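Following this note's numbering, the numbering of the sequence shown begins with 802 at its first residue and continues without gaps. Cβ atoms here follow ideal geometry from the backbone N, Cα and C, with glycine treated the same way. The structure presented is a predicted model; accordingly, all values stated were derived computationally and were not measured.
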Amino acid sequence: MENRLAELWSIMDFLNPGLLGSSERFRTRYAIPIERHGHTEPAERLRASTRPYILRRLKTDPAIIDDLPEKIEIKQYCQLTTEQASLYQAVVADMMEKIENTEGIERRGNVLAAMAKLKQVCNHPAQLLHDRSPVGRRVREGDPARGDPGRDPGRGRPGAVFYPVHRVRRCPACCTWRRFGRAARDIAYLHGGTPRKRRDEMVARFQSGDGPPIFLLSLKAGVPG
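Spelled out as structure tokens, the structure:
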């Protein structure tokens, strides 16, 4: 389950058909009041209905806390290129102009749209510009999109790399090829348009240890599975 209550209905309807009624009834009774209006009463009713079917353990639970490994955070900072910095400032300026002249849901939409564009700029300029020019030298060395110079994907454990949008594929794939050469020739890429059979084959191969050293996944297609 990620961002919508409809996903909770799908899960519960599979586990216990009819518990939360039809999808339309669920949307009217719970989803709209909770997600759109922030009403607490239907949220409490929904929580009471689903609580018996949900097992939740917290990281602070004394019964499991001793079995959990220490949390490890590795931060890697990447400087923007001149091109990226210029595009970043242009997106911010455009957003500020738009939000000054809008309000309500339109204003929030402009902010969210700008955030998506800023992510694209930071990943690679070609994502925002939708061009097909050479990818080299448009992100700095050490940028995750170019690969970590200190790692060789032909050795050790394989890695999964998640990207937020489908059209990002060309950039990381080309950058990874440039960085790792022949070791990256079998890079797998899973996105929303990947057929189910092909998807299962890619995942099985990657999990077997005999697959490609790098597995690229779009967030929408990769996170749920």
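For residue i, the residue or residues it bridges with in DSSP
i: SER824; result: DSSP lists no partner for SER824.
i: GLY960; result: ILE1015
i: LEU929; result: For LEU929, which the question treats as bridged, DSSP gives no partner whatsoever.
i: ALA989; result: PHE1016
Contacting residues, own chain, Cβ-Cβ under 7 Å from residue i (five flanking each side not counted)
i: GLY993; result: HIS967, SER1019, LYS1021 and ALA1022
i: ASP949; result: In this prediction, ASP949 has a pLDDT of 49, which is less than 50 and means its spatial position is unreliable; what the coordinates show is noted afterwards. Same-chain partners within the cutoff: there are none.
i: ASN911; result: MET896, LYS899, ILE900 and THR903
i: ARG858; result: ILE865
i: LEU806; result: TYR831, ALA832, ILE835 and GLU836
i: TRP810; result: LEU821, SER824 and PHE827
Closest by C-alpha distance to residue i, when choosing among the options
i: ASN804; options: SER823, ARG837 and THR829; result: ARG837
i: ALA961; options: LEU859, LEU919, LEU816 and GLN1008; result: GLN1008
i: LYS918; options: ARG830, GLU901, GLU874 and ASP895; result: ASP895
i: ILE855; options: GLU874, ASN817, GLU884 and ALA915; result: ASN817
i: ALA915; options: PHE827, VAL893, PHE815 and LYS872; result: VAL893
Residues of its chain near residue i, where Cβ-Cβ distance is below 8 Å and the 5 sequence neighbours each way are ignored
i: LEU991; result: ARG1000, MET1003, VAL1004, PHE1016, LEU1017, LEU1018, SER1019, ALA1022 and GLY1023
i: THR995; result: MET1003 and ALA1022
i: PRO843; result: ARG830, TYR831, PRO834 and ILE835
i: PRO870; result: none
i: LYS998; result: none
i: GLY1010; result: PRO959
Contacting residues, own chain, Cβ-Cβ under 6 Å from residue i (five flanking each side not counted)
i: GLY951; result: Confidence at GLY951 is low in this model, with a pLDDT of 41, below 50, so its placement is unreliable and the value that follows should be read with caution. So no residue of the chain qualifies.
i: PRO959; result: PRO1014
i: HIS840; result: PRO834
i: ARG1006; result: GLY1012
i: GLY1026; result: Per-residue confidence for GLY1026 stands at a pLDDT of 48, beneath the threshold of 50, marking its modelled position as unreliable; the derived number appears in the next sentence. Around GLY1026: no qualifying Cβ.
i: LYS876; result: none
i: LYS872; result: none
Residue-level contact to chain C via CB, residue i, 8 Å cutoff
i: GLN880; result: Judged by its chain identifiers, the structure shown contains no chain C, having just a single protein chain.
Please give me, in chain order, every unbroken run of the alpha helix (DSSP H) with length at least 4 that falls completely inside the segment 829-892.
Those alpha helix (DSSP H) runs which fall completely within the segment 829-892 and span 4+ residues are 841-851.
Would you call the segment 850-869 in contact with the segment 885-903, where contact means no fewer than 3 C-beta pairs closer than 8 Å?
Because the criterion of three Cβ pairs below 8 Å is not met, the segment 850-869 and the segment 885-903 do not touch.
Using a Cβ distance threshold of 8 Å, determine whether the segment 859-868 contacts the segment 821-828, with at least three qualifying pairs required.
Not touching, per the Cβ criterion.
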